[in-house]
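In the numbering used here, the protein residues as written are 5 to 620. Beta carbons are placed, not taken as given, at the ideal position from N, Cα and C, and that holds for glycine. This one's a predicted model, so the numbers in the text were calculated from it and none came from an experiment.
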Amino acid sequence: MHQYKRLIILCGILLLSTTHSYTQCDGNIGQNIFDQGDFGSGVDNILQTDPNIAPGYQYTTDPPPFDGFYFLTNNTGGWSDIFDGWLSIEDNSSDPNGYMMVVNASFDAGLFYQEEVTGLCENTGYEFSVDIINMIEPNSGLIKPNVSFLIDDVLQFSTGNIEETGAWETFGFSFETGPNQTSIVLSLSNNADGGIGNDLALDNITFRPCGPEALILPETVDNICEDGDPIIIEATIIGNQYDNPQYQWQQSFDEGMTWVDLIGENGMTYTHTDLNGGFYYYRYVLANSPAQLLNARCRVFSNTKIIYVQPKYYTVYDTICEGNTYTLVDQIIEAEGVYIDSLLTTLGCDSVVTVNLSVVADPGITADIIPIDPDCWYSETGGIIAGNAANGYPPYTILIDGITTPDLVEVTVSPGLIPLMIVDRHGCTLSQEVPIILPDQPTLDIGPDLEISLGDQVTLTPITDMIDPEYSANIDYTCNSDCTSIEIQPLNSMQVIFTVTDSNNCSTDDTLYIQVNKDRKVFIPNIISPATAGNETFYVQGSAASITSILSLQIYDRWGSLIYQCQDGRPNDKTCGWDGTLNDQRVQSGVYVYYAEVEFIDGESIVYTGDLTVVR
5 MHQYKRLIIL CGILLLSTTH SYTQCDGNIG QNIFDQGDFG SGVDNILQTD PNIAPGYQYT
65 TDPPPFDGFY FLTNNTGGWS DIFDGWLSIE DNSSDPNGYM MVVNASFDAG LFYQEEVTGL
125 CENTGYEFSV DIINMIEPNS GLIKPNVSFL IDDVLQFSTG NIEETGAWET FGFSFETGPN
185 QTSIVLSLSN NADGGIGNDL ALDNITFRPC GPEALILPET VDNICEDGDP IIIEATIIGN
245 QYDNPQYQWQ QSFDEGMTWV DLIGENGMTY THTDLNGGFY YYRYVLANSP AQLLNARCRV
305 FSNTKIIYVQ PKYYTVYDTI CEGNTYTLVD QIIEAEGVYI DSLLTTLGCD SVVTVNLSVV
365 ADPGITADII PIDPDCWYSE TGGIIAGNAA NGYPPYTILI DGITTPDLVE VTVSPGLIPL
425 MIVDRHGCTL SQEVPIILPD QPTLDIGPDL EISLGDQVTL TPITDMIDPE YSANIDYTCN
485 SDCTSIEIQP LNSMQVIFTV TDSNNCSTDD TLYIQVNKDR KVFIPNIISP ATAGNETFYV
545 QGSAASITSI LSLQIYDRWG SLIYQCQDGR PNDKTCGWDG TLNDQRVQSG VYVYYAEVEF
605 IDGESIVYTG DLTVVR
């Protein structure tokens, strides 16, 4: 068996879900009839009991499954071993312990899931859908899963190739039961060829009634006043699926979590008469006959309608800190007591507000407030750590430079006086300005501009007030242990930039301009006298600091014959010079020609030629 030849069916943590190749119900839907579609949940990574839901497959508790085996698990990443190339995921629900069905498909196409659903209604629309993910990592290029949906062994819908996207997709279709059809068998079949790939996951197998659009319009909240009139809400049906629509109005007392029937409320309208302040939740159940209305597997739900009754009388209990004020409509209140006023709410309702106001003494709030100055003179931000408030009435709110936080926090701020305020639940306040100080720019002076000759060494004595400075420059340099003396040798005229950095990685720099004069100091004599001491040798003379090499020195006679040669010599070196001899014999007096190629420290080479006179 190849490690990729597997089929996974997963169900139960929500991954990215998209809709693809999904023919949704055009109208409203009912409850999910297929409550086994989530495979349950449990703390064990592998469910130990065989659920008997995969025809032709054997259950195993030892992951990963081999060909023809399956099991339920809540996390493929929790296995001690997982096939290479598989996604490590939990199930596709909000339950972290929700199980998923993992199947390693056989090489032969065939059914891998089947369930019978009973108690349905004839001539009624239903929607069947499944969330599916290709379990192979993206861009693997392996065999794509391909799943068929069957009802009573008749093909209804095929997914086609399911791509390796790493995301969930919803596949499904809508259909209608036939006359006298009250039960069906739902099946899923694997169509892909056997081989490498064909691994997938399924979740949220759902089977729901599908009817016309069942609406309560408008879908926004209806607002009425407590001393107003009852309000009528009305059912609106869009679509001709039901020729004998039946209604059952329902109310929820837990904000839509559960619903109860309103006895006797079976018309197209419902009148809300309860004018006590608060929120009220309504919907209606819709079916195509009285019998179907009683069958939860045959009916659909409308949207939820919310009615808000604006109370006429409000009683407010509040406490303020001494020195603060409380605003009640047009009254500005400073002292404790009971105050009453009326107002017209934003909903247009007349309301009476009673305020029971208490005043507490300012307790003198304390807190840990730590300014963090910027490290560098050019930094744009510093910080403030504030928290551990005490002596007030928690919870506390911390406001720093426009940023609000309830907890101990470090806030990034710009240098300057930063407003800080800590407020307790009653409005008692600690207020101050926290100075965030930008450090002074450090100084560096590496000296004045200079004019030197080519080859000259320059000694700089930098002056800085920075502690433990580290130097860098745009030129090679050497310095003593603390860099109070720096040696450089510019080869060309340039602006020299030195940067000094401290232990906080803050830096400053200074520059000087060095003019390098390139008057090549080379002297080549034009006469030698082999018999005269001190003038008996012809050699290249010049500045040893600026000349790196006498690349070549050549002497020619009047007929152009080479009579002497020296290479890679040094300036002022007589050993790389001509003593007026040829084959250990003095040459005749006369004029000879020299050729000298001189290389300088700046990398430039210059050729010098001329006449040389030999005298006796």
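Inter-residue spacing [alpha-carbon to alpha-carbon] between Leu516 and Gly573: For the purposes of this step, residue 516 is taken as residue 512 along the sequence shown, with counting starting at 1. For the purposes of this step, residue 573 is taken as residue 569 along the sequence shown, with counting starting at 1. Rounded to the nearest angstrom, the two C-alpha atoms are 36 Å apart.
Limits of the beta strand (DSSP E) - the one that Ala394 falls within: As a first step, residue 394 is located in the sequence shown; it is residue number 390 there, counting from the start. Gly386 to Ala394 is the span of the beta strand (DSSP E), which, as asked, contains Ala394.
Out of curiosity, what's the CA-to-CA distance linking Ile605 and Val438? As a working note, residue 605 is residue 601 in the sequence shown. As a working note, residue 438 is residue 434 in the sequence shown. Linking Ile605 to Val438 through their CA atoms gives a straight-line distance of about 59 Å.
Is Val500 closer than 8 Å to Thr468 when the C-beta atoms are compared? What you label residue 468 is simply residue 464 of the sequence shown in a count that begins at 1. What you label residue 500 is simply residue 496 of the sequence shown in a count that begins at 1. No, Cβ-Cβ distance for Thr468 and Val500 is not below 8 Å.
Beta-carbon spacing of Val415, Ile404 below 8 Å: By one-based count along the sequence shown, residue 415 stands at place 411. By one-based count along the sequence shown, residue 404 stands at place 400. Closer than 8 Å, so yes.
Where Gln118 falls: helix, strand or coil (DSSP): Counting from one through the sequence shown, the residue named residue 118 turns up at place 114. Three-state result, Gln118: strand.
For my contact list, Lys309 and Cys229 are in at a C-beta cut-off of 8 Å; report their separation, rounded to the angstrom. To locate residue 309, count along the sequence shown from 1; it is residue 305. To locate residue 229, count along the sequence shown from 1; it is residue 225. So it is not a contact: roughly 18 Å between Cβ atoms.
For Ile311, which residues from the same chain have a beta carbon less than 6 Å from its beta carbon, with the 5 sequence-adjacent residues on both sides left out? On the sequence shown, position 307 is the one that residue 311 refers to. Within the same chain, Asp226, His276 and Tyr284 come within 6 Å of Ile311 by CB-CB distance, once the 5 residues on both sides are set aside.
Between the CA atoms of Gly406 and Val364 - distance to the nearest angstrom: Taking the first residue of the sequence shown as 1, we reach residue 364 at position 360. Taking the first residue of the sequence shown as 1, we reach residue 406 at position 402. The alpha-carbon of Val364 is positioned some 27 Å away from that of Gly406.
Pick from Ile57, Gly60, Asn36 and Pro67: whose alpha carbon is nearest that of Asp48? Here residue 48 corresponds to residue number 44 of the sequence shown, with the count starting at 1. It is Pro67.
Between the alpha carbons of Gly31 and Ile86, how many angstroms are there, rounded? The residue labelled residue 31 in the question sits at position 27 within the sequence shown. The residue labelled residue 86 in the question sits at position 82 within the sequence shown. The alpha-carbon atoms of Gly31 and Ile86 are separated by roughly 42 Å.
Spell out a yes or no on whether the segment 333-351 and the segment 379-391 are touching, meaning 3 or more CB-CB pairs, one atom from each, closer than 8 Å. Touching, no.
What are the boundary residues of the alpha helix (DSSP H) that Leu347 is part of? The sequence position of residue 347 within the sequence shown is 343, counting from 1. Where Leu347 is concerned, there is no enclosing alpha helix (DSSP H), although the beta strand (DSSP E) it sits in stretches over Gly341 to Leu348.
Rounded straight-line distance, which links the Cα of Glu217 to that of Ile235: Position 231 of the sequence shown, counted from the start, is the residue given in the question as residue 235. Position 213 of the sequence shown, counted from the start, is the residue given in the question as residue 217. One C-alpha to the other measures close to 23 Å.
Just reading off the alpha helix (DSSP H) that Leu297 is part of, what are its end residues? In the sequence shown, counting from the first residue as 1, residue 297 sits at position 293. From DSSP, the alpha helix (DSSP H) with Leu297 extends over Pro294 to Leu297.
For the putative contact between Met105 and Phe38, defined by C-beta atoms under 8 Å, what is the C-beta separation to the nearest angstrom? Translated into positions along the sequence shown, residue 105 becomes position 101. Translated into positions along the sequence shown, residue 38 becomes position 34. About 14 Å separates the beta carbons of Met105 and Phe38, which is beyond the 8 Å limit, so they are not a contact pair.
Closer than 8 Å by C-beta to Ser609: which residues in its own chain qualify, once you throw out the five before and the five after it? Chain order, please. Looking up residue 609 in the sequence shown gives position 605. Hits under 8 Å: Leu555, Glu601, Val602 and Glu603.
Between Pro378 and Asn202, what straight-line distance do the alpha-carbon atoms span, to the nearest angstrom? Taking the sequence shown and counting its residues from 1, the one referred to as residue 378 is at position 374. Taking the sequence shown and counting its residues from 1, the one referred to as residue 202 is at position 198. Cα-Cα distance, rounded: 59 Å.
What residues match up with Val363 in a beta bridge as DSSP calls it? Start at 1 with the first residue of the sequence shown, and residue 363 comes out as number 359. According to DSSP, Val363 bridges with Ile324.
Use the C-beta contact count for Pro398: other C-beta atoms within 10 angstroms, 16 or more gives buried, fewer gives exposed. The residue labelled residue 398 in the question sits at position 394 within the sequence shown. Burial call: exposed.
Cα-Cα separation, Phe153 to Gln118: As a position in the sequence shown, residue 153 is number 149, starting the count at 1. As a position in the sequence shown, residue 118 is number 114, starting the count at 1. When rounded, the distance between both Cα atoms is 10 Å.
Going by the DSSP bridge assignment, what does Glu180 pair with across the sheet? Residue numbering aside, residue 180 sits at position 176 when the sequence shown is read from its first letter. Glu180 is bridged to Gly129.
Apart from the five residues on each side of it in sequence, which residues of its chain come closer than 7 Å, Cβ to Cβ, to Thr65? Working through the sequence shown from its first residue, we reach residue 65 at position 61. Contacts found: Ile50, Gln52 and Phe75.
Taking all protein chains shown into account, do 16 or more other C-beta atoms lie within 10 angstroms of the C-beta of Thr613, making it buried, or fewer, making it exposed? Residue numbering aside, residue 613 sits at position 609 when the sequence shown is read from its first letter. Thr613 comes out exposed.
Closer than 8 Å by C-beta to Asn299: which residues in its own chain qualify, once you throw out the five before and the five after it? Chain order, please. Here the question's residue 299 lines up with position 295 in the sequence shown. Correct list, in chain order: Gly123, Cys125 and Ala291.
May I have the straight-line CA-CA distance separating Leu448 from Asn509, to the nearest angstrom? Looking up residue 448 in the sequence shown gives position 444. Looking up residue 509 in the sequence shown gives position 505. If you take the alpha carbons of Leu448 and Asn509, they lie about 15 Å apart.
Kindly list the residues whose CB is nearer than 7 Å to the CB of Ile2, restricted to its own chain and excluding five residues on each side of it in sequence; keep chain order. Residue 2 cannot be examined here, being either before or after the span of the chain that is shown, 5 to 620.
Taking the C-alpha atoms as reference points, what is the distance between Gln545 and Gly607? Working through the sequence shown from its first residue, we reach residue 545 at position 541. Working through the sequence shown from its first residue, we reach residue 607 at position 603. Gly607 has its alpha-carbon roughly 18 Å from the corresponding atom of Gln545.
Per-residue DSSP class, three states only, for Gln40: Taking the sequence shown and counting its residues from 1, the one referred to as residue 40 is at position 36. If DSSP states are grouped into helix, strand and coil, Gln40 belongs with the helices.
Drop a sphere of 10 angstroms on the beta-carbon of Tyr321, count the other beta-carbons inside from all chains shown, and report buried for 16 or more, exposed for fewer. What you label residue 321 is simply residue 317 of the sequence shown in a count that begins at 1. Result: exposed.
May I ask you to report which of helix, strand or coil DSSP gives Lys578? Against the sequence shown, residue 578 aligns to sequence position 574. Three-state DSSP puts Lys578 in a helix.
Please classify Ile242 as buried or exposed, where buried requires at least 16 neighbouring CB atoms within 10 angstroms. Walking along the sequence shown from the start, residue 242 turns up at place 238. Around the beta carbon of Ile242, a 10 Å sphere encloses fewer than 16 other beta carbons of the protein chains shown; the residue is thus reported as exposed.
Please go through the segment 231-311 and give each complete alpha helix (DSSP H) segment of 4 or more residues, from N-terminal end onward. Whole alpha helix (DSSP H) segments, 4+ residues: 294-297.
Given Leu159, which residues of its chain have a CB within under 7 Å of its CB, disregarding the five upstream and five downstream residues? Numbered from its first residue, the sequence shown carries residue 159 at position 155. Counting only Cβ-Cβ distances below 7 Å, and skipping sequence neighbours, we find Ser152.
For Ser553, which residues in the same chain have their Cβ closer than 8 Å to its Cβ, ignoring the five residues on either side in sequence? The residue you call residue 553 lines up with position 549 of the sequence shown. The beta carbon of Ser553 sits closer than 8 Å to those of Asp572, Gly573, Arg574, Val602 and Glu603, all from its chain and outside the five residues before and after it, given in chain order.
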